Amino acid sequence: MLLRGAVRRCPWCGGKGAFFSGWYKRDDRCHTCGLLWERKLEGFELGSMTVNVIATFGTMLVVMGVGVALSYPDVAVVPIFAVVVVIAVAMPIVIFPMTYSIWLGVDLFMRAPEPEELADAAAAVANPATNRSPLQP
Ligand SMILES: [Zn+2]
């Protein structure tokens with residue numbers, strides 16, 4: 152499920168594009184299986200933000216480690232710093248959609264969908280007119 156999420160697919164069904172209608176634009180449900188991406192969980196974005204921070208900081212740490220190892224003993228501080236700054240600014244923006252699908256994979260792994268949730272998803276796929284989140288007014 153994590154690998155499916157990492158390539159921006161639905162972690163549950165593997166549907167291409169999952170719940171995305173643009174790179175940053177999300178619909179409420181997966182276009183293939185109808186699963187809600189928020190899964191009625193308040194604070195879902197906190198999990199995806201955590202995935203984003205872990206991936207970005209992890210990449211920055213690896214780049215710093217590799218940079219120091221390659222240039223040791225005369226450590227190239229300025230070039231390493233420049234690359235790390237670019238990663239710190241660009242990576243969270245670029246990987247933003249994947250953090251949602253990865254976190255949905257984590258959420259689905261920890262809390263498998265209830266039969267009612269799957270029935271609701273199947274009904275939403277069968278009748279796209281009701282394709283709205285129950286969290287919306
Ligand atoms: Zn799906």
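Quick note: the working numbering has the sequence shown finishing at residue 288, numbered continuously throughout.
Even for Gly, the Cβ is constructed at its ideal location relative to N, Cα and C.
Since we're looking at a predicted model, the values are computed, not measured.
Compute the minimum distance between the beta carbon of residue i and the heavy atoms of ligand 1, and state whether it is under 7 Å.
i, result
"L153", "no"
"A169", "yes"
"L186", "yes"
"G166", "yes"
According to DSSP, simplified to helix, strand and coil, what is residue i?
i, result
"R155", "helix"
"F171", "strand"
"L192", "coil"
"L221", "helix"
"L187", "strand"
For residue i, is the beta carbon positioned less than 7 Å from some heavy atom of ligand 2?
i, result
"W163", "Of the ligands this structure carries, namely ligand 1, none is ligand 2."
Can you list, in chain order, the residues of its chain with a C-beta nearer than 7 Å to that of residue i? Leave out the 5 residues immediately preceding and following it.
i, result
"G166", "R160, C181, H182, T183, C184"
"A273", "G185"
Under 6 Å Cβ to Cβ from residue i, same chain only, skipping five residues before and after it: list those, please.
i, result
"A169", "R160, C161, C181, S252"
Apart from the five residues just before and just after residue i, which ones in its own chain have a Cβ nearer than 8 Å to its Cβ?
i, result
"C164", "C181, T183, C184, L186"
So, do the stretch 259-266 and the stretch 165-183 have three or more beta carbon pairs nearer to each other than 8 Å? no
Touching by the beta-carbon criterion (3+ pairs, under 8 Å), the stretch 176-183 and the stretch 192-199: no
Is there contact here, the stretch 245-254 with the stretch 155-163, by at least three beta-carbon pairs under 8 Å? yes
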